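The structure appears below as structure tokens.
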Amino acid sequence: MTRFDTPIAQLHAEIAAAKARFHAAQPVTLCAVSKTQPAAVLREAYAAGQRDFGENYLQEALQKQAELQDCAIAWHFIGPIQSNKTQPIAQHFDWVHSVDRLKIAQRLSDARPDSLPALNICLQVNISHEQSKSGASEAELLTLALQISQLPRLHLRGLMAIPAPCSEFAAQRDQFRQVRALFDQLNGQGLALDTLSMGMSGDFAAAIAEGATLIRVGTALFGARPAKSPAPTSL
Ligand SMILES: *Cc1c(COP(=O)(O)O)cnc(C)c1O
Numbered sequence: 129m130t131r132f133d134t135p136i137a138q139l140h141a142e143i144a145a146a147k148a149r150f151h152a153a154q155p156v157t158l159c160a161v162s163k164t165q166p167a168a169v170l171r172e173a174y175a176a177g178q179r180d181f182g183e184n185y186l187q188e189a190l191q192k193q194a195e196l197q198d199c200a201i202a203w204h205f206i207g208p209i210q211s212n213k214t215q216p217i218a219q220h221f222d223w224v225h226s227v228d229r230l231k232i233a234q235r236l237s238d239a240r241p242d243s244l245p246a247l248n249i250c251l252q253v254n255i256s257h258e259q260s261k262s263g264a265s266e267a268e269l270l271t272l273a274l275q276i277s278q279l280p281r282l283h284l285r286g287l288m289a290i291p292a293p294c295s296e297f298a299a300q301r302d303q304f305r306q307v308r309a310l311f312d313q314l315n316g317q318g319l320a321l322d323t324l325s326m327g328m329s330g331d332f333a334a335a336i337a338e339g340a341t342l343i344r345v346g347t348a349l350f351g352a353r354p355a356k357s358p359a360p361t362s363l
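Here it is as structure tokens:
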């Protein structure tokens with residue numbers, strides 16, 4: 129037993145309940161978002177059966193990967209991507225969910241080692257038109273998806289979205305429904321996407337209702353993350 133057996137079982141029960149309630153037949157992968165958690169914590173979750181882990185910060189992730197080489201983990205990069213970080217990301221991850229421009233995709237494809245399978249990609253779409261700026265706009269999505277689908281060392285799998293946080297279930301569903309509609313449109317244009325990466329601790333049931341196939345859960349599994357350390361003050 130680890131301290132994660134119960135929370136992981138609980139999450140799988142909630143996923144199953146959401147699927148049953150909303151007649152959602154798709155498979156749903158639980159991706160454990162482990163940013164700020166030390167490698168020892170990931171190892172415990174792994175011992176409890178967790179296999180997919182999502183990380184936001186490259187240096188932090190590389191360190192944990194080095195400590196967890198003996199574990200058969202599928203690593204998902206879910207944070208903003210700077211173009212000078214594409215090489216290590218292409219070398220050390222199985223999935224990248226946060227691609228939102230062609231230049232980044234090209235660099236990932238160029239840097240993906242031939243010894244590894246094509247890198248799985250989700251295109252991040254900015255559905256809430258938030259100031260957060262991350263994510264492709266709906267207007268540019270089709271062109272971008274078609275271009276990325278042609279890159280030799282990438283496998284375009286689907287869409288990722290982080291809608292504006294909201295506590296009302298119906299409003300959450302409305303946002304995820306928009307992502308699902310874009311996903312369906314792209315598949316209608318000849319793409320063969322199978323992954324909808326949407327839903328976090330506070331809204332994954334709504335995401336599953338709208339077809340999420342991968343949910344990214346941090347807090348509901350690991351507990352609250354430590355607050356960011358305050359900026360150093362001068363002495
Ligand atoms: C931190 C993070 C999550 C997990 O958020 P929780 O609310 O802790 O579940 C999911 N997706 C992305 C992109 C994140 O940065």
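Mapping the sequence shown onto this note's numbering, position 23 (from 1) lands on 151, and the numbers just tick up by one.
Glycine included, every Cβ here is placed at the ideal spot set by N, Cα and C.
Computed from a predicted structure; not experimentally measured.
In the three-state scheme derived from DSSP, where H, G and I count as helix and E and B as strand, Asp222 is classed as coil. For His225, the CB falls within less than 8 Å of some heavy atom of ligand 1. Annotation for Thr157 indicates a beta carbon at 8 Å or more from all heavy atoms of ligand 1. In this structure, the beta-carbon distance from Ala176 to Gln215 does not fall below 9 Å. The Cβ neighbour count for Glu183, taken over all protein chains shown within 10 Å, is at least 16; the residue is labelled buried. In this structure, Arg353 has its CB closer than 8 Å to one or more heavy atoms of ligand 1. Taking C-beta atoms as the reference points, Ala246 and Pro280 count as a pair closer than 9 Å.
By the 16-neighbour rule on beta-carbons within 10 angstroms, Leu244 is exposed. Counting along the chain, Ile343 sits inside the beta strand (DSSP E) bounded by residues Leu342 to Val345. Here DSSP, grouped into helix, strand and coil, assigns Gly330 to coil.
Close CB contacts of Thr164 within its chain, under the 8 Å cut and outside five residues either way in sequence, are with Glu188, Arg353 and Pro354 (chain order). Counted as a single uninterrupted DSSP element, the alpha helix (DSSP H) harbouring Thr271 occupies residues Glu266 to Ser277. Of the candidates Ala299, Val169 and Leu158, Val169 places its Cα closest to the Cα of Arg131. Bridge partners of Ile249 according to DSSP: Val224 and Leu284.
The criterion of a C-beta distance shorter than 9 Å is not satisfied by Met326 and Pro293.
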